[in-house]
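Asks: Here UniProt numbering is used: the first residue of the sequence shown is 1, the next is one more, and so on.
Please see the structure below; I have some questions.
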Amino acid sequence: MTLDQRRNLLAEAVLYGIVDFGYVSEKDILAVTRGLLDGGADIIQLRAKGIGLETIRAAAEAMIPLCKAAKIPFVLNDFPDLAVELGADGVHIGQDDGKIFEVREQVGEEMLIGRSTHSLEQAEKAMLDGADYIGFGPLFPTPTKAGRPAIGLEEVAKMEAKVGKHLAAFCIGGIKPENLRQIIHAGARRCVVVSYLLTSPDICRATRFIRAELEANP
Ligand code: 3NM
Numbered sequence: 001m002t003l004d005q006r007r008n009l010l011a012e013a014v015l016y017g018i019v020d021f022g023y024v025s026e027k028d029i030l031a032v033t034r035g036l037l038d039g040g041a042d043i044i045q046l047r048a049k050g051i052g053l054e055t056i057r058a059a060a061e062a063m064i065p066l067c068k069a070a071k072i073p074f075v076l077n078d079f080p081d082l083a084v085e086l087g088a089d090g091v092h093i094g095q096d097d098g099k100i101f102e103v104r105e106q107v108g109e110e111m112l113i114g115r116s117t118h119s120l121e122q123a124e125k126a127m128l129d130g131a132d133y134i135g136f137g138p139l140f141p142t143p144t145k146a147g148r149p150a151i152g153l154e155e156v157a158k159m160e161a162k163v164g165k166h167l168a169a170f171c172i173g174g175i176k177p178e179n180l181r182q183i184i185h186a187g188a189r190r191c192v193v194v195s196y197l198l199t200s201p202d203i204c205r206a207t208r209f210i211r212a213e214l215e216a217n218p
């Protein structure tokens, strides 16, 4: 995928799915990835905290062909060097994972860089520092990142006006059908959903539902 294709897909993206080793065992990686892709996730990330590099590599190598076939960007959480080696479309980094320009030097100009942000200030800084997209959250308390205080919905509209207008900004954290309308009403246009999708009995159907709601409420 060229950088232009990656950027165009990102610009159109509304739902970002994460295959998170906290919820998915190694043997289910492919089925879960397929469920997210078939349900209409616009971007797929592999997130594997506290997992050995060889297991991460194997999971990524299994996921990448599926994402390629679906023409959906594959993003690796952390590990910029491995992302380059695997030919990932992007790398996602947290606030403590170094400066964006340093990661840019590692991954080159062709790869998307995403940054987790937890306040309006961090969101603006990530944009100025050259992130291609941001995650903004957590909007609600979440078991996936336990202990992190929720930002609250008032910040969403401010972030969309200042940052979301200029780059893809995905709201994240505790998002599920019960609060989806609430976040859309607060101004969210794109989101990342992890535990709700990954613990759904039918991942494809759950993904399709969230996506349809986002599209119906632009
Ligand atoms: N990052 P769920 S919140 C991975 O605020 C992640 O940066 C967050 O999972 C952030 O949809 C979060 O299960 C967890 O709440 C998202």
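For every residue, glycine included, the Cβ atom is placed at its ideal position computed from N, Cα and C.
Judging by CA-CA distance, which residue of D78, V84, R104 is the nearest neighbour of D97?
Replies: The count along the sequence shown starts at 1 and reaches residue 97 at position 97. Checked all of D78, V84, R104; the closest Cα to D97 is D78.
Asks: Hey, F21 and R57 are a contact pair by Cβ (cut 8 Å); roughly how many whole angstroms apart?
Replies: Numbered from 1 along the sequence shown, position 21 holds the residue referred to as residue 21. Numbered from 1 along the sequence shown, position 57 holds the residue referred to as residue 57. The pair is not a contact, with the Cβ atoms about 13 Å apart (cut-off 8 Å).
Asks: If G173 and A150 are in contact, beta carbons under 8 Å, what's the gap, nearest whole angstrom?
Replies: As a working mapping, residue 173 is identified with position 173 in the sequence shown. As a working mapping, residue 150 is identified with position 150 in the sequence shown. About 7 Å separates the two Cβ atoms, so the contact holds.
Asks: L214 and V24 - do their beta-carbons sit closer together than 7 Å?
Replies: As a position in the sequence shown, residue 24 is number 24, starting the count at 1. As a position in the sequence shown, residue 214 is number 214, starting the count at 1. No.
Asks: Can you tell me whether T55 is buried or exposed, with buried defined as 16 or more other CB within 10 angstroms of its CB?
Replies: To locate residue 55, count along the sequence shown from 1; it is residue 55. T55 is exposed by the Cβ-count criterion.
Asks: Which of helix, strand or coil does DSSP assign to T117?
Replies: In the sequence shown, the residue the question calls residue 117 occupies position 117. Strand, per DSSP.
Asks: May I ask you to report which of helix, strand or coil DSSP gives R189?
Replies: Residue mapping note: residue 189 aligns to position 189 of the sequence shown, counting from 1. Coil, per DSSP.
Asks: Taking L198 as part of the alpha helix (DSSP H), name the residues at either end of that continuous run.
Replies: By 1-based counting over the sequence shown, the position of residue 198 is 198. Counting along the chain, the alpha helix (DSSP H) containing L198 begins and ends at 195 to 198.
Asks: Please say whether C204 and G17 have beta carbons closer to each other than 7 Å?
Replies: Position 17 of the sequence shown, counted from the start, is the residue given in the question as residue 17. Position 204 of the sequence shown, counted from the start, is the residue given in the question as residue 204. Result no, Cβ atoms of G17 and C204 do not sit closer than 7 Å.
Asks: DSSP on D20, reduced to helix/strand/coil?
Replies: Taking the sequence shown and counting its residues from 1, the one referred to as residue 20 is at position 20. Strand.
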